[in-house]
Each structure stands twice: as C-alpha cells, then as structure tokens.
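Just so you know, the protein sequences line up as chains S and V, in that order. So in the working numbering the end of the first sequence lands on 267, straight run, no missing numbers. So in the working numbering the end of the second sequence lands on 601, straight run, no missing numbers. Backbone N, C-alpha and C define an ideal beta-carbon position, used for all residues, glycine too. These numbers come from a predicted model, not from an experiment. Have a look at the structure below before the remarks.
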Amino acid sequence: MSVTPVRIQGGAVSIGGRPVLRGIDLEIREGEFVVLLGANGSGKSTLVRACTGLLPTTHGSLHLFDTPIGRFRDWQRVGYVPQRASAGSGVPASVWEVVASGRLTRRRLLRPLGRVDRRAIDDALETVGLADRARDGVSQLSGGQQQRVLIARALAGEPELFFLDEPNAGVDVENQQALADALRALHARGSTLVTVLHELGPIAPLTQRAVVLSQGRIVHDGPVDAAPGTVAAMLTGHVHHHGETDVAVTFAPQLSAPLDTPPEEAR
Amino acid sequence: MSLHELLTYEFVQRALIAAVFTGFAAPAIGTYLVQRRLALMGDGIGHVAVTGVALGLVTQLSPTWTAVAVAVLGAVAIELVRERGNVNGDLALALMFYGGLAGGVLLTGLGGQSAARLQQYLFGAITTIGRDDLIATMVLAAIVVVVGVGLSPQLFAVSHDVDFARVAGLRVRYYNLLVAVLAAVSVTVAMRTVGLLLVSALMVVPVATAQQLTTSFRRTLGVAMGLGVVASVGGLVGPAMVPSSTVVAPGPAIIMVALACFVLTWPIGSWTRRRARRRAPFTDSAPQVHEAAESHPHRHAAGCGHVAVVHHDHVDYVHDGHRHAAHGDHYDEH
Ligand SMILES: Nc1ncnc2c1ncn2[C@@H]1O[C@H](COP(=O)(O)OP(=O)(O)OP(=O)(O)O)[C@@H](O)[C@H]1O
Ligand SMILES: [Mg+2]
Chain S
1 MSVTPVRIQG GAVSIGGRPV LRGIDLEIRE GEFVVLLGAN GSGKSTLVRA CTGLLPTTHG
61 SLHLFDTPIG RFRDWQRVGY VPQRASAGSG VPASVWEVVA SGRLTRRRLL RPLGRVDRRA
121 IDDALETVGL ADRARDGVSQ LSGGQQQRVL IARALAGEPE LFFLDEPNAG VDVENQQALA
181 DALRALHARG STLVTVLHEL GPIAPLTQRA VVLSQGRIVH DGPVDAAPGT VAAMLTGHVH
241 HHGETDVAVT FAPQLSAPLD TPPEEAR
Chain V
268 MSLHELLTYE FVQRALIAAV FTGFAAPAIG TYLVQRRLAL MGDGIGHVAV TGVALGLVTQ
328 LSPTWTAVAV AVLGAVAIEL VRERGNVNGD LALALMFYGG LAGGVLLTGL GGQSAARLQQ
388 YLFGAITTIG RDDLIATMVL AAIVVVVGVG LSPQLFAVSH DVDFARVAGL RVRYYNLLVA
448 VLAAVSVTVA MRTVGLLLVS ALMVVPVATA QQLTTSFRRT LGVAMGLGVV ASVGGLVGPA
508 MVPSSTVVAP GPAIIMVALA CFVLTWPIGS WTRRRARRRA PFTDSAPQVH EAAESHPHRH
568 AAGCGHVAVV HHDHVDYVHD GHRHAAHGDH YDEH
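Written out as structure tokens, the structure is:
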C-alpha cells in the first residue's frame, strides 16, 4: 500500500487572526508533480508553509506521509525552498556552508560530514551550476544565484517530498532549464514535487496537475491544460506577455470569471 | 619587569589562564549573536548580570554563581521577548537592561557594600581572580566552546534561516534558548576579565575583525576565537610591560587591543573584497554588439598591469573602468 505524502481535509489557516486559507481539501499522491498557481496574495505560500508545519492549521486535518503533522518527525523526507529568502546573514557564510546545512536532516548530532554527505552537497551544487562558486561568500552572489543556493540546499537533503515556493523567481532561462532538468531527475527517482509558480516555463512539460488558488480557496484542481483559459495558455507558454499584458493583471480577474461553479466549501 | 619574571607570580599565571579561556569562549558565542544581528545582546545580558553580582555581594554568596543565575534568567527572558517578536519587545528589553544595572548598583549600596567591590565586576579585575573563580571560569568557558563549536552546524542553520531549520526538523526553540544561555554564561565568564560593561565588546569585536578576512562561517568562528585570545592575552601582558609609573587596567586594554586588530584589518578586508569583486569572472556571454575601443597603443597581456578577468571564453582587461577584449588588431568594449 502506498503512502500519501500530503493529505489536507477541510484545512483552514489564519495568520495573526486573519483567515487566509479556507476549506482546503488536497491530496497529493506519491510521485506526483503538482504546481500551485494563483494571483499574488491568493495563499500559495501560506499553503506551502502550512504543509511544512511552519503555520498551524486552525481547522481540519493535515497529514504528511499518513502521519498527523503534529506527530510527524521524519523531516529528512521533506525539502523546502522558501520564497525570496535572502541567503545572507550577519556573518559571512560560504555557498558550500549554506548548501551543507541542507544535510542536517540526515546528520546525527556531533558527527562530522561523511563521504555520502559531501557527495550529495557537491551534486546539489553541480545541479544548480554553482560548483565553481562553492567557496565564495553567499552575500557576494546575485539574487538569482542566491535563489539557486537555496534550491541546492534543499536538493542536498535528498528529500522525497519537495516544496518549492517560486524557485524560478529571479533565475534566468538557462538556469530555469537546469532546474527543470534537476526536478525531472528527482521526479524520475520517485520524488513528489509541489512547486509554486507564476510561469511554468521549462517546467511545463513535467507537471501533471495544477492546483489553482484564489482568495484562499482551491478553485481548480486537475490537469494543467484544463486549468481556466488564460491560465492554461500562460502556463504552457503560448502567451508571451510584453509590457501592457502584465502577468498579475491578466491573471487575477480572469481567473475567477470562467469559474461559475466554485467547488463545494468544506464548511 | 621582564615577561619571564612576570610569569613567576601566581596571580599573573591565573590571570593568563583566565584570559586564554575567556578569549576563546566569548567570540565562540558572539559569532552566533552577530549572525542573528543581536550584537548588542551581550551588552544587555551584562547589564542584567550586574544585579546578579550585587545579589552575590549582599548575600555573601559567590557573586560569580549568582551572576550566572541572574544572567541566564535574563537571557532567557530576552529570548522569550524576542521570540514573541512584538513591537514593544524592543522597549521591554530596554526596561530590563536599565533595571538590571540600576538595581545592581542600588542593591550594592543598600547592602552596605563598597562601590569598589562592584567596580571589579563592572570593569574587570583579572589580576585579583582567585583559585575557585579561576576554576569556575575554566569550566564554564570550556562548556561554551565545546557546545558552540560542536553544535556549530545546527546553530549555524538555526541562526541563518529559521524557517528552513524548522522544516529540517530542528528544535529551533531549544537551540535559541541554548544560544541565550550560552551567551549568559560567557558574559559571566568574561565578567572578571573585561568587566560587565565591556563584555559585549570581547564577544563581538573579534567577530567583526574576522569577517574582514574570511568569506566562510566556520573560518569566521575560528579566526574570531583566535583573535579573542590574542586580544585578551595582549591586553593583559602589554600594559605589564610598560613602566609601572602608569596604571593600565587590563579590561579596557583588552578591548583596545581587539579594536586595534579591527582597525588594522579593515583596510585589508576592504581591499581584498574589492580585489575579489574586480577579478570575479563575468558569466554572461560576450556582447552581441560590436563596439571597438578607442585606439590605444597599450598592448594588454598577462602582467601588463591591468586586471585580467575571465569572460565567457576569453579574457577581458579592466582598463580605466572599461573592459577591453582583444579582437584582431584592436580591442572591443565588453
Ligand atoms: N505575515 C503575514 N501577516 C499577515 N498577513 C499575511 C502574512 N503573510 C501573508 N499574509 C496574507 O495572507 C494572504 C496570502 O499570502 P501568501 O503569501 O500566501 O500569498 P501568495 O499566494 O504566496 O502570493 P505571492 O504570489 O505574492 O507569493 C495575503 O492576503 C496576505 O496579505
Ligand atoms: Mg508566495
């Protein structure tokens, strides 16, 4: 019997007393590649943060690998790339050190890094194309390069269930392709991937399922090309927006318009 | 007095041992405070610890241990306020700091203790350290160093990116409290050496210096600990070498040595950073437009005096703010 990496039933999340997500029913099966879509502020990051245990659910239940999240301890199975986190801090840290911290889930206390750990770190750096910058200070890298460091950090932990919150933000096309290749390899190995995106780009051919959020609810859950009009077109890359057709503008209003039958609310 | 003579005195030996242990321990935990951008936390704990010392003086208990107890309580309280992250947290900390300092001074007076006794703790009195205090200092400093270095992967991750550490399954809260407690312990360790009012400097200044020289966290930690020892031993021994007509207190001298190290390395740091930036390869591909550089007789080559930077598949030379790339018989602007 296979396990279900993520199962949310009737989930609701509040931030500071303000309800942000409501009536979330979502089941992500083993080996799926799901993309989370929605306008700015629709709750994508909040959903990811709830799934990684960073935010508590106020209603409903949330299971990771069939374990209620409160009792879940197998964190080495979960990888997380936060949205727009800066890789820098008050003290210099090298690229290698930040990526190495991704191995912590698999290290025992007070044990040095083993050969397997080092290989995983090197592989992760190779994947994001930063192997030659390993010794450099993270704060000397550009924003897109820092984003790639954070992706490598998550890759280094070799998780089975991967949450990426806009991994492509600020990353150029060439490296988006490299990331897509890395995700394809992970997926082929049987990993489950959940990624928040605004544009699919090179990731498009990999995904099987799109979950679209709007104002804190799931308004679409199904194949990518069956997602509401513009969304599907945009995702598969047929719409090239130049200047006047800004993503956020085409996205937000048209999303709810074609959906005359919103899904049932949980409560 | 020669160094050799000096070392025959038992109180000098004790002071030296205390200086070495303190020098190692204070920056070991200071690095994590700086990483969290809490460079002044040591100062705050130091203020709170004044009350602890006063309690010890008044109740005739060991001021070292009462200071440890009060500083740990204060540090935990500070951490809990910080964790809440509310707007008034800042103010709550200020109240605690000044309450700690004022309370300590007041208590000392009320208890009929002389201000001079308290002064030993405020500005340090390393040469008066007794056997028991020395042992306490050594044990506490060793704990700080062992935990600070041994758990460095975990503490680094927690201080670097809390969310990531949480998803990695680390008990972020315990680690935060651990850092707070260790900070309190090293404050009390450094109390006898540099004094509560200057404690934070020994925790933070070596870290600031080390940062000038390194780009990695582990190396910053190591170099800072080394510099801490250099400063505390230098500040202790240095004044003893000057003619004895002037009195130089070791505590402030230690901090001045630490600051001097910073002042010395700062230009080196900014020079190496500049150099690294100038020599970093340009990873973008060669420009699409062809723009010939103004004609100039100079031939760029290895060792021509211009910085050579790898650019894609060739080498650019940085010339007067431009990048010149050889192209046939002329140079292109890249
Ligand atoms: N720290 C916070 N405090 C209060 N409200 C918040 C906080 N973070 C998010 N919100 C609210 O929660 C809602 C969802 O935010 P979320 O970050 O999940 O959006 P998102 O879909 O990820 O948007 P984006 O595309 O900009 O990343 C927004 O309305 C936002 O105002
Ligand atoms: Mg977001």
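So A93 of chain S contacts chain V; which residues on that side make the cut at Cβ distance below 7 Å? On the first sequence, residue 93 of chain S is found 93 positions in, with the first residue counted as 1. Result: H427, S483, F484.
Are the beta-carbon atoms belonging to R148 of chain S and V173 of chain S less than 8 Å from one another? Taking the first residue of the first sequence as 1, we reach residue 148 of chain S at position 148. Taking the first residue of the first sequence as 1, we reach residue 173 of chain S at position 173. Contact flag unset, no.
Please decide whether D430 of chain V counts as near chain S, where near means a Cβ-Cβ distance under 8 Å. As a first step, residue 430 of chain V must be located in the second sequence, where it is residue number 163. Answer yes: the Cβ-Cβ gap between D430 of chain V and chain S drops below 8 Å somewhere.
Should V6 of chain S be flagged as near chain V, meaning a C-beta pair shorter than 8 Å? Translated into the one-based positions of the first sequence, residue 6 of chain S becomes position 6. Not one chain V Cβ lies under 8 Å of V6 of chain S.
Count the C-beta pairs between the region 357-365 of chain V and the region 467-483 of chain V that are closer than 8 Å, then say yes if the count reaches three, no if not. As far as the Cβ criterion goes, the region 357-365 of chain V does not touch the region 467-483 of chain V, which means the pair count is below three.
Any C-beta of chain V within less than 8 Å: which residues of the region 197-209 of chain S qualify? Cβ contacts with chain V: none found.
Can you pull the chain S neighbours of V474 of chain V, defined as C-beta to C-beta under 8 Å? Counting from 1 along the second sequence, the entry for residue 474 of chain V is found at position 207. From the beta-carbon of V474 of chain V, the residues of chain S found nearer than 8 Å are V91.
Name, please, each residue of chain V whose Cβ falls closer than 8 Å to the Cβ of P82 of chain S. By one-based count along the first sequence, residue 82 of chain S stands at place 82. Chain V residues near P82 of chain S: D428, D430, F431.
Regarding D172 of chain S and ligand 2, is the C-beta to nearest heavy atom distance less than 7 Å? Here residue 172 of chain S refers to the residue found at position 172 of the first sequence. Result no, Cβ not under 7 Å from ligand 2.
Give a yes or no on whether 8 Å exceeds the smallest Cβ distance from R545 of chain V to chain S. Sequence index remark: in the second sequence, residue 545 of chain V carries index 278 (1-based). With 8 Å as the cut-off, R545 of chain V does not count as an interface residue toward chain S.
Identify, in the order they occur along the chain, each residue of the same chain with its Cβ nearer than 6 Å to the Cβ of L26 of chain S, setting aside the five sequence neighbours on each side. Looking up residue 26 of chain S in the first sequence gives position 26. If we look at L26 of chain S and ignore the five residues flanking it on each side, its Cβ neighbours are I8.
Using a Cβ distance threshold of 8 Å, determine whether the region 135-143 of chain S contacts the region 35-54 of chain S, with at least three qualifying pairs required. Segments in contact, no.
Run the Cβ filter for me: residues under 7 Å from any heavy atom of ligand 2, listed in the order they occur in the chain. Near ligand 2, meaning a Cβ closer than 7 Å to any of its heavy atoms, lie the following residues in chain order: S:K44, S:S45, S:Q83, S:D165, S:E166, S:V196.
Quick one: is L407 of chain V buried, meaning 16 or more other Cβ sit within 10 Å of its Cβ, or exposed? The residue given as residue 407 of chain V occupies position 140 in the second sequence. Buried, because 16 or more other Cβ atoms sit within 10 Å of the Cβ of L407 of chain V.
Same chain, Cβ closer than 6 Å to I410 of chain V, neighbours up to 5 away in sequence not counted: Taking the second sequence and counting its residues from 1, one reaches residue 410 of chain V at position 143. Within the same chain, I410 of chain V has no close Cβ partners at all.
Spatial distance of V574 of chain V from A592 of chain V (CA atoms): Residue mapping note: residue 574 of chain V aligns to position 307 of the second sequence, counting from 1. Residue mapping note: residue 592 of chain V aligns to position 325 of the second sequence, counting from 1. If you take the alpha carbons of V574 of chain V and A592 of chain V, they lie about 12 Å apart.
Scan the region 361-391 of chain V and note each continuous alpha helix (DSSP H) run of 4 residues or more that stays entirely inside, going in chain order. For the region 361-391 of chain V, whole alpha helix (DSSP H) runs of length 4 or above, ordered along the chain, are 382-390.
Can you tell me whether C571 of chain V is buried or exposed? The criterion is at least 16 other CB atoms within 10 Å of its CB, across all chains shown. In the second sequence, the residue the question calls residue 571 of chain V occupies position 304. With a 10 Å radius around the Cβ and a threshold of 16 neighbouring Cβ atoms, C571 of chain V comes out exposed.
Give a yes or no on whether the minimum CB-CB distance between R304 of chain V and chain S is below 8 Å. Within the second sequence, residue 304 of chain V is the residue found at index 37, counting from 1. Interface residue, yes.
Quick check on DSSP: helix, strand or coil for Y441 of chain V? Taking the first residue of the second sequence as 1, we reach residue 441 of chain V at position 174. In this structure, Y441 of chain V counts as helix in the three-state DSSP scheme.
Would you be able to state if there are at least three C-beta pairs under 8 Å between the region 61-72 of chain S and the region 396-406 of chain V? By the C-beta criterion, the region 396-406 of chain V is judged not to be in contact with the region 61-72 of chain S, since fewer than 3 inter-stretch pairs fall below 8 Å.
Does the beta carbon of V78 of chain S sit closer than 8 Å to a beta carbon anywhere in chain V? For the purposes of this step, residue 78 of chain S is taken as residue 78 along the first sequence, with counting starting at 1. Chain V contact via Cβ: present.
Starting from the beta carbon of F423 of chain V, find every residue of chain S whose beta carbon is closer than 8 Å, and list them in chain order. Translated into positions along the second sequence, residue 423 of chain V becomes position 156. Residues of chain S passing the Cβ test: A93, E97, S101.
Could you spell out the range, first to last residue, of the alpha helix (DSSP H) harbouring L109 of chain S? Mapped onto the first sequence, residue 109 of chain S falls at position 109. Segment: none, L109 of chain S is in no alpha helix (DSSP H) and carries neither H nor E.
Does the distance from the C-beta atom of L141 of chain S to that of R133 of chain S stay below 8 Å? Within the first sequence, numbered from 1, the residue matching residue 141 of chain S stands at position 141. Within the first sequence, numbered from 1, the residue matching residue 133 of chain S stands at position 133. Yes, Cβ-Cβ distance for L141 of chain S and R133 of chain S is below 8 Å.
Rounded to a whole number of angstroms, what is the C-alpha to C-alpha distance between L531 of chain V and E199 of chain S? By 1-based counting over the second sequence, the position of residue 531 of chain V is 264. By 1-based counting over the first sequence, the position of residue 199 of chain S is 199. When rounded, the separation of the alpha-carbon atoms in L531 of chain V and E199 of chain S is 50 Å.
Could you pull the DSSP bridge partners for P19 of chain S from this structure? Translated into positions along the first sequence, residue 19 of chain S becomes position 19. The partner list for P19 of chain S (beta bridge, DSSP) reads S:S14.
Tell me which same chain residues have a C-beta within less than 7 Å of the C-beta of R486 of chain V, skipping the five on either side of it? Taking the second sequence and counting its residues from 1, one reaches residue 486 of chain V at position 219. Apart from sequence neighbours up to five positions away, no residue of its chain approaches R486 of chain V with a beta-carbon distance below 7 Å.
Taking Cβ-Cβ distances shorter than 9 Å, what residues in chain S pair up with V446 of chain V? Sequence index remark: in the second sequence, residue 446 of chain V carries index 179 (1-based). None at all; the shortest Cβ gap to chain S is about 13 Å.
Roughly how many whole angstroms lie between the Cα atoms of R590 of chain V and W538 of chain V? As a working note, residue 590 of chain V is residue 323 in the second sequence. As a working note, residue 538 of chain V is residue 271 in the second sequence. If you draw a straight line from the Cα of R590 of chain V to the Cα of W538 of chain V, it is about 20 Å long.
Name the chain S residues whose beta carbon is nearer than 9 Å to that of L437 of chain V? Your numbering for residue 437 of chain V matches position 170 in the second sequence. Within 9 Å Cβ-Cβ: W75, L104, T105.
Please compile the residues from chain S whose C-beta is within a distance smaller than 7 Å of the C-beta of G417 of chain V. For the purposes of this step, residue 417 of chain V is identified with residue 150 of the second sequence, where counting begins at 1. Chain-order list of chain S residues neighbouring G417 of chain V: L110, by C-beta distance under 7 Å.
Would the C-beta of G391 of chain V count as close to ligand 1, meaning under 7 Å from any of its heavy atoms? Mapped onto the second sequence, residue 391 of chain V falls at position 124. G391 of chain V Cβ: outside cutoff for every heavy atom of ligand 1.
Quick check: is the beta carbon of T455 of chain V nearer than 8 Å to any beta carbon in chain S? In the second sequence, the residue the question calls residue 455 of chain V occupies position 188. No, because no Cβ of chain S sits closer than 8 Å to the Cβ of T455 of chain V.
For S86 of chain S, verify whether its CB is less than 7 Å away from any heavy atom of ligand 1. Looking up residue 86 of chain S in the first sequence gives position 86. No heavy atom of ligand 1 is found nearer than 7 Å to the CB of S86 of chain S.
Who are the neighbours of G137 of chain S on chain V, taking C-beta pairs under 7 Å? Position 137 of the first sequence, counted from the start, is the residue given in the question as residue 137 of chain S. Those within 7 Å of G137 of chain S in chain V are T482.
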